[in-house]
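J.: Mind having a look at this structure? Questions to follow.
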Amino acid sequence: MESDMSNVSRTGKEEINNATSQTTFGKSVESQAQIQDAQASPDAGGEMLNIYRLEPIAAPDDPRWDNSPGHGTVVVAARTAGDARIVAAAGELDFMEVDAAPAEDVTTVNASAFRDDKLYTVIEIERHRGDVTRGVLDGAIAVDTIRPVQSD
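Using the numbering used here, read the sequence shown as starting at 1211 and increasing by one per residue.
Put into structure tokens, the structure is as follows:
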């Protein structure tokens, strides 16, 4: 019996499988934008952006709202529809921003209602605007999305 815990197996005479793929990460528009945002100064404008409206589509009694509270309709300037979800989600409070992290280096941004296509839809309302900055343009995003698990 082998002592390694790998789920990779070799059958036949093919090459050894090292559980890697030729997939390259960080090549999508959203990934490239996040990399550029991290390297750019906050006032580096001049980028052509689109305007998107994020609207809740799930019923008010949908159980998904229990995990990700909604914020109503929000309008954002973003590069793509996927980036619009990222921009809106960035407006929410994250565990990484308070002294309440569930574990080291764990973010809650992926749990945002804006990232769930069953809760929110993204509608493009304008294209190629150079007079706006990437971010939330209209709508209120509450920062109280982190709820304590124990009541005081």
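Where is the CB? At the ideal position from N, CA and C, for every residue including glycine. Keep in mind it's a predicted model, so treat the numbers as computed, not measured.
1. Identify which residue in 1287, 1321, 1300 and 1348 has its Cα closest to the Cα of residue 1336.
2. Can you tell me the Cα-Cα spacing of residue 1338 and residue 1256, whole angstroms?
3. Residue 1283 and residue 1263 look like a contact to me (Cβ under 8 angstroms); what is the Cβ gap, rounded to whole Å?
4. Closest to residue 1238 by CA distance: which of 1281, 1322, 1293 and 1297 is it?
5. Among residues of its own chain, excluding the 5 on either side of residue 1301, which ones have a beta-carbon nearer than 6 angstroms to its beta-carbon?
6. Please identify the residue among 1328, 1321 and 1243 whose C-alpha is closest to the C-alpha of residue 1278.
T.: Taking the coordinates as given:
1. Along the sequence shown, read from residue 1 onward, the residue named residue 1336 stands at position 126. The candidate whose alpha carbon is nearest that of residue 1336 is 1287.
2. The residue labelled residue 1338 in the question sits at position 128 within the sequence shown. The residue labelled residue 1256 in the question sits at position 46 within the sequence shown. Distance between the alpha carbons of residue 1338 and residue 1256: 11 angstroms.
3. Counting from one through the sequence shown, the residue named residue 1283 turns up at place 73. Counting from one through the sequence shown, the residue named residue 1263 turns up at place 53. Contact between residue 1283 and residue 1263 holds: their C-beta atoms lie close to 6 angstroms from each other, under 8 angstroms.
4. As a working mapping, residue 1238 is identified with position 28 in the sequence shown. Here the closest residue by C-alpha is 1293.
5. As a first step, residue 1301 must be located in the sequence shown, where it is residue number 91. The answer, listed in chain order, is 1346 and 1351.
6. Reading the sequence shown from its first residue, position 68 is the one you call residue 1278. With distances taken between Cα atoms, residue 1278 lies closest to 1321.
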